[in-house]
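Quick note: the sequence shown, position 122, residue 113 per our numbering, numbers continuous.
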Amino acid sequence: MILRASGLAAASVLIFSGAALASPQPITEELFRANRTLGGRVVAYPEGTPEMRVYRITLPFGAKIPLHIHPSPVVVVVEQGSLSNVRIVDGAEVTDIVEAGDGFLEGNPEEPHYVINKGSEPAVSLVTFASVEGMPNMVRVE
């Protein structure tokens, strides 16, 4: 009886371990990595109790997020469409077009910018803020 039980246990280990090896494995894709903003500046992490925030933002054709800065680091990954990220550098506008599958980093108070969808379809982005409790995601610049 002991031999029969141990033989069954050994067979079940082989069956189950084989099934575990054949099961689907996770797929990890790095979507974005950066240590500087589009303008080449390093972001600043704020003091306080950390709080991560993640949003999906859809900008219809022609929609614009007005001129602003971010008091904490922000990662934007465009899922669909394209965005025009327009920074104000020494009084002049500098534009980067960010296509689906690409991203950018923001979060330096010396780099005001606005975002507009000049494409022909809605622009959908995942936006992650590395912020602190009570801090706004953005501060409008007049």
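In this text, a Cβ means the ideal position worked out from N, Cα and C, and glycines have one as well. Note that this is a predicted model, so its numbers are computed, not measured.
Pick helix, strand or coil for A121, following the three-state DSSP scheme. Per DSSP, reduced to three states, the secondary structure at A121 is strand.
Short CB-CB distance (under 8 Å) between V77 and chain C: Checking the listed chains, one finds no chain C in this structure; it contains a single protein chain.
Locate the beta strand (DSSP E) running through D81, then write down its first and last residues. It is not in any beta strand (DSSP E) - D81 carries neither H nor E in the DSSP assignment.
Are the CB atoms of D93 and V69 nearer to each other than 8 Å? Contact flag set, yes.
Between the Cα of N108 and those of M129, Q16, S75 and T40, spot the shortest distance and give me the residue it belongs to. Of the listed residues, the one whose Cα sits closest to N108 is S75.
Classify A114 as helix, strand or coil using the three-state DSSP reduction. In this structure, A114 counts as strand in the three-state DSSP scheme.
According to DSSP, what are the bridge partners of K55? I107
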